[in-house]
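Asker: Dropping the structure in here first, questions after.
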Amino acid sequence: MPHLATTYAAIFSLVTIGGKTALASINRDRTLDFLLRMKDASGGFRMHDNGEIDVRGCYTAMAVAHILDLLIPPLTLGVAEYVCSCQTHEGGIGGEPGAEAHGGYTYCGLAALILINQAHQLDLPALLNWVVFRQGKIEGGFQGRINKLVDGCYSFWQGGVFPCLQLLPEQLLHHKSIQHENEETILRLNELKIRKQSSNAEISAAFLFPAWKDNRSKHVIHEVEDQCQSDSNERMKLVTDYKYGPLFNAQALQGYVLLCCQVLEGGLRDKPGKHRDYYHTCYCLSGLSVAQFSMSRSLNALPLPSTVLGPFDNLLAATHPLCNVVLDKYFYAYKFFHGDDDSSQI
Ligand SMILES: CC(C)=CCC/C(C)=C/CC/C(C)=C/COP(=O)(O)OP(=O)(O)O
Ligand SMILES: [Zn+2]
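As numbered in the UniProt record's numbering, residues 1 to 346 make up the sequence shown, in order.
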């Protein structure tokens, strides 16, 4: 039985293989028929005939339609309304309306809406506020939902939300909850940062993650807070300006993946004590790449050695934030199916 998750995985595997033969083997017409058959009146997508409707369906359908240049109105209609109906009071996105916010669905919902230029329909500050609290202060990895254990695969599902958000500076800054910009405060923040030589993550986290006010960064954070009064506009500027770096602790996340998730014989896992598997190997590595490139303003700019934990040959390839394939493979496939290089997303 055809299934949206395997369709997504198969098509992006072919994108990853790359080259004309692999890409030409995809039957676009039959894929479009399948996507249209999975479309539901709610705006969401079934995962398979008579199957469940959830936010994974929206993402897998939008990602496949995006790369194959099949994003037509009958597919995109109602997707934003469906995904927004799954954003919870917590700020993250649940699998279906009424369900608890979860990292897997939060990435899927956000990426799906960015792919169709509808992310502004979400409450983005609330989403950002939810995701910054999902990184474990002790372990450095991410949990999928509140009060659950960290797990290596959320290095991507949660960690991957940050580069998606950073594709949206305009939407974040002009969101209805953000009043106006304050350039003076940003300049002051920059001065403080240089003077105290504090890390980007510390300063960024000080605004959205008060729980990170540990002894190491306390003095810096108090001084910054005095200047900025924790205004939401100023907080959001931190996200939209790469000078302040990522809103998660990228070094700690790399530490969790490299030290806790690697199996010495090869492969990666959820956490120590668990077995390796292909799913966790894929998403631990995807999250590791996100963390390594999290300080890079442009997607494929080579990170400084100091941002890569361990020897520089730990560095992985940069990935596309919305499709999670290596960037040059994404651009090759985009050009193959769209006939031009001009990806509107990045
Ligand atoms: C594109 C695609 C197919 C995306 C999948 C996204 C994804 C990972 C969704 C999460 C699914 C889920 C029910 C997790 C909870 O499992 P759990 O209760 O075992 O884990 P937890 O305790 O960490 O929440
Ligand atoms: Zn996992």
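Built from N, CA and C at the ideal position, the CB exists for glycine as well.
Rounding to the nearest angstrom, what Cα-Cα distance links I138 and I11 in this structure?
Answerer: As a working note, residue 138 is residue 138 in the sequence shown. As a working note, residue 11 is residue 11 in the sequence shown. In a straight line, the C-alpha of I138 is about 37 Å away from that of I11.
Asker: DSSP puts I93 in a beta bridge; with which residues?
Answerer: The residue you call residue 93 lines up with position 93 of the sequence shown. According to DSSP, which records beta bridges pairwise, I93 is partnered with Q87.
Asker: Taking its Cβ as the centre, do 16 or more other Cβ atoms sit within 10 Å of T76, making it buried, or is it exposed?
Answerer: Looking up residue 76 in the sequence shown gives position 76. T76 comes out buried.
Asker: For K329, tell me which candidate among T6, L4, K20 and T7 has the shortest Cα-Cα distance.
Answerer: Residue 329 sits at position 329 when you count from the first residue of the sequence shown. Ranking the options by Cα distance to K329, first place goes to K20.
Asker: Taking all protein chains shown into account, decide if N50 is buried (16 or more other Cβ within 10 angstroms of its Cβ) or exposed.
Answerer: Against the sequence shown, residue 50 aligns to sequence position 50. Flag for N50 reads exposed.
Asker: DSSP three-state call for K148: helix, strand or coil?
Answerer: By one-based count along the sequence shown, residue 148 stands at place 148. Looking at K148 - three-state DSSP - the assignment turns out to be coil, as it is neither helix nor strand.
Asker: Buried or exposed: which applies to D270, given that a residue is buried once 16 or more other Cβ atoms fall within 10 Å of its Cβ?
Answerer: Translated into the one-based positions of the sequence shown, residue 270 becomes position 270. With 16 or more Cβ atoms within 10 Å of its Cβ, D270 is classed as buried.
Asker: Determine whether the beta carbon atoms of T106 and I114 lie at a separation below 8 Å.
Answerer: Counting from 1 along the sequence shown, the entry for residue 106 is found at position 106. Counting from 1 along the sequence shown, the entry for residue 114 is found at position 114. No, these two residues do not count as a Cβ contact at 8 Å.
Asker: Closer than 7 Å to a non-hydrogen atom of ligand 2 - does that hold for the CB of residue 351?
Answerer: Not covered by the structure: residue 351. The range shown for the chain is 1 to 346.
Asker: Using only the heavy atoms of ligand 2, determine whether one of them is closer than 7 Å to the beta carbon of D313.
Answerer: Taking the first residue of the sequence shown as 1, we reach residue 313 at position 313. No, the Cβ of D313 stays beyond 7 Å of every heavy atom of ligand 2.
Asker: Which residues mark the beginning and the end of the alpha helix (DSSP H) in which N129 is found?
Answerer: Residue mapping note: residue 129 aligns to position 129 of the sequence shown, counting from 1. It spans L124 to V132 - the alpha helix (DSSP H) in which N129 sits, taken as one unbroken run.
Asker: My guess is that M62 and A5 are in contact by the Cβ rule of under 8 Å, so how many angstroms apart are they, rounded?
Answerer: Locating residue 62 in the sequence shown gives position 62, counting from the first residue. Locating residue 5 in the sequence shown gives position 5, counting from the first residue. So it is not a contact: roughly 13 Å between Cβ atoms.
Asker: Quick one: what's got a C-beta closer than 8 Å to L36's C-beta in the same chain, skipping five residues either side?
Answerer: Against the sequence shown, residue 36 aligns to sequence position 36. Same-chain partners within the cutoff: P74 and L75.
Asker: Under 7 Å: does the beta carbon of H280 sit that close to some heavy atom of ligand 2?
Answerer: Numbered from 1 along the sequence shown, position 280 holds the residue referred to as residue 280. Checking the Cβ of H280 against ligand 2 gives yes.
Asker: Rounded to whole angstroms, what is the Cα-Cα separation between L168 and P311?
Answerer: As a working mapping, residue 168 is identified with position 168 in the sequence shown. As a working mapping, residue 311 is identified with position 311 in the sequence shown. If you take the alpha carbons of L168 and P311, they lie about 32 Å apart.
Asker: From this set, E96, A250 and H89, which residue's C-alpha is nearest S306's C-alpha?
Answerer: Walking along the sequence shown from the start, residue 306 turns up at place 306. For S306, the nearest C-alpha among the options comes from A250.
Asker: Reducing DSSP to helix, strand and coil, say where L288 ends up.
Answerer: Here residue 288 refers to the residue found at position 288 of the sequence shown. If DSSP states are grouped into helix, strand and coil, L288 belongs with the helices.
Asker: Going along the chain, which residues of its own chain have a beta-carbon closer than 6 Å to the beta-carbon of P97, five neighbours each way excluded?
Answerer: Position 97 of the sequence shown, counted from the start, is the residue given in the question as residue 97. Excluding positions up to five away in sequence, the list reads S85 and C86.
Asker: Which value, in whole angstroms, describes the spacing of the CA atoms of P163 and E265?
Answerer: The sequence position of residue 163 within the sequence shown is 163, counting from 1. The sequence position of residue 265 within the sequence shown is 265, counting from 1. Their backbone Cα atoms lie some 31 Å apart in a straight line.
Asker: Rounded to whole angstroms, what's the CA-CA distance from V257 to D33? Just pull it up for me.
Answerer: The count along the sequence shown starts at 1 and reaches residue 257 at position 257. The count along the sequence shown starts at 1 and reaches residue 33 at position 33. C-alpha separation (whole angstroms): 39 Å.
Asker: Could you spell out the range, first to last residue, of the alpha helix (DSSP H) harbouring F106?
Answerer: In the sequence shown, the residue the question calls residue 106 occupies position 106. Phe is not the amino acid found at residue 106; the sequence shown has Thr there. Counting along the chain, the alpha helix (DSSP H) containing T106 begins and ends at G103 to L115.
Asker: Quick check on I11: does DSSP put it in helix, strand or coil?
Answerer: On the sequence shown, position 11 is the one that residue 11 refers to. In the structure shown, I11 sits in a helix (DSSP, three-state: H, G or I).
Asker: Should P125 go down as buried or exposed, given a rule of 16 or more other Cβ atoms within 10 Å for buried?
Answerer: Walking along the sequence shown from the start, residue 125 turns up at place 125. Counting Cβ neighbours within 10 Å, P125 comes out buried, since at least 16 surround it.
Asker: Classify H275 as buried or exposed, calling it buried when 16 or more other Cβ atoms lie within 10 Å of its own Cβ.
Answerer: Numbered from its first residue, the sequence shown carries residue 275 at position 275. When all chains shown are included, H275 counts as exposed.
Asker: State yes or no: is the C-beta of K271 nearer than 7 Å to some heavy atom of ligand 1?
Answerer: For this step, residue 271 is matched to residue 271 along the sequence shown. Because no heavy atom of ligand 1 lies under 7 Å away, the Cβ of K271 does not count as near it: no.
Asker: With 16 as the cutoff for other CB atoms within 10 Å, does P272 come out buried or exposed?
Answerer: For this step, residue 272 is matched to residue 272 along the sequence shown. The residue is exposed, with fewer than 16 neighbouring Cβ atoms inside 10 Å.
Asker: Considering only DSSP beta bridges, list what L268 is partnered with.
Answerer: As a position in the sequence shown, residue 268 is number 268, starting the count at 1. Paired residues: Q262.
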